[in-house]
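In our numbering, the protein residues as written are -13 to 270.
Set out below in structure tokens:
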């Protein structure tokens, strides 16, 4: 009976943690949408928990290049808790219920982790592609050929995006107006930036727009932009390092101070009880 009660309490604690995390994320997204669109906009109909979970899985799987993983992960999410619970109930372990609930979210967290790793790889590939395009353009190659060369040497996950840009550019190669071809390149990269949702892609598209509008040297702007990004990245890394050091120092101070303070408090409290007990003739 005690084991079953402990298992139910563990399952309830996991539910509270997951529900609190989901509620915090939903409230953060709601505030972000209101700050962008304005509070006068009507909010969309709230989605159910399972519907939102499946939608996030579909988004993660599509972004990492394996759309078929979404349905597989969604089905595994329901199969894993049953399997874990069956095995642990046969063994007689009272942690079967909370562990089976944790197993339900394992496919979601796996897709989320793979998606984050793909985003990091995408940023690195985008930086390399921008450097390659800048170097080829500085060497005298047309911007269209530079983009095609970058697409040919880039792997997944950036390759499909550059391929779409190359296809859009290739459709306008027969145009006699050079300005029209440049405008096509700008529009293609603006579309890619909207799909990637990366500030680096948006910045590169803006550089192309300024270069096409004001006839400024693209290579100089790109190298200047990369240098600024490098400085910003170094500053952010230094800030995170300082924050980590301050948190470690804070935790160390608390780890040393709380036991000492607790010991002093108990000593003073026991001494006060002894004085009061002696004053009233009570032996403690």
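Glycine is no exception: its CB is placed at the ideal position from the N, C-alpha and C atoms.
Here the structure is a predicted model, which means the values were calculated and not measured.
For residue 40, the first and last residue of its enclosing alpha helix (DSSP H): 35 to 49
Nearest-angstrom beta carbon gap, residue 129 and residue 151 [assumed within contact, 8 Å]: Not a contact, Cβ separation roughly 11 Å.
Cβ distance (whole Å) where residue 50 is taken to contact residue 104 below 8 Å: 5 Å
Residue 116: buried (16+ other C-beta within 10 angstroms of its C-beta) or exposed? It is buried - the Cβ of residue 116 has at least 16 other Cβ atoms within 10 Å.
Would you decide whether residue 59 is buried or exposed? Buried here means 16 or more other CB atoms lie within 10 Å of its CB. buried
I'd like to know whether the C-beta of residue 60 is nearer than 8 Å to at least one C-beta of chain D. Given the protein chain composition of this structure (a single chain), no chain D is represented.
Neighbourhood of residue 142 by C-beta distance below 8 Å, restricted to the same chain and skipping five residues each side: 51
Determine, using beta-carbon pairs with one atom in the segment 203 to 214 and one in the segment 222 to 236, whether at least three such pairs fall under 8 Å. no
For residue 112, is the classification buried or exposed, using 16 other Cβ atoms within 10 angstroms of its Cβ as the cut-off for buried? buried
Return the Cβ separation of residue 93 and residue 44 in integer angstroms, given the expectation that the two are a contact with Cβ distance under 8 Å. With a Cβ gap of about 12 Å, residue 93 and residue 44 do not count as contacting.
DSSP state of residue 126, grouped into three classes? coil
Any idea if residue 37 is buried or exposed, counting beta-carbon neighbours within 10 angstroms, 16 or more meaning buried? exposed
Selection from 68, 181 and 176 that minimises the alpha carbon distance to residue 195: Distance from the Cα of residue 195 is smallest, within the candidate group 68, 181 and 176, for 176.
For residue 228, three-class secondary structure by DSSP: helix
Helix, strand or coil: which one does DSSP assign to residue 143? coil
Any heavy atom of the ligand PLP inside 7 Å of the beta-carbon of residue 91? With respect to small molecules bound, the structure shown includes none, and the ligand PLP cannot be examined in it.
Cβ separation of residue 208 and residue 184, assumed to be a contact under 8 Å, to the nearest whole Å: Not confirmed; about 16 Å, so no contact.
Using a threshold of 8 Å, state whether the C-beta atoms of residue 191 and residue 172 are closer than that. yes
If we call anything under 8 Å between Cβ atoms a contact, is residue 55 one with residue 47? Yes, these two residues count as a Cβ contact at 8 Å.
Restricting to Cα atoms, I'd like to know which of 114, 67 and 69 is closest to residue 137. 114
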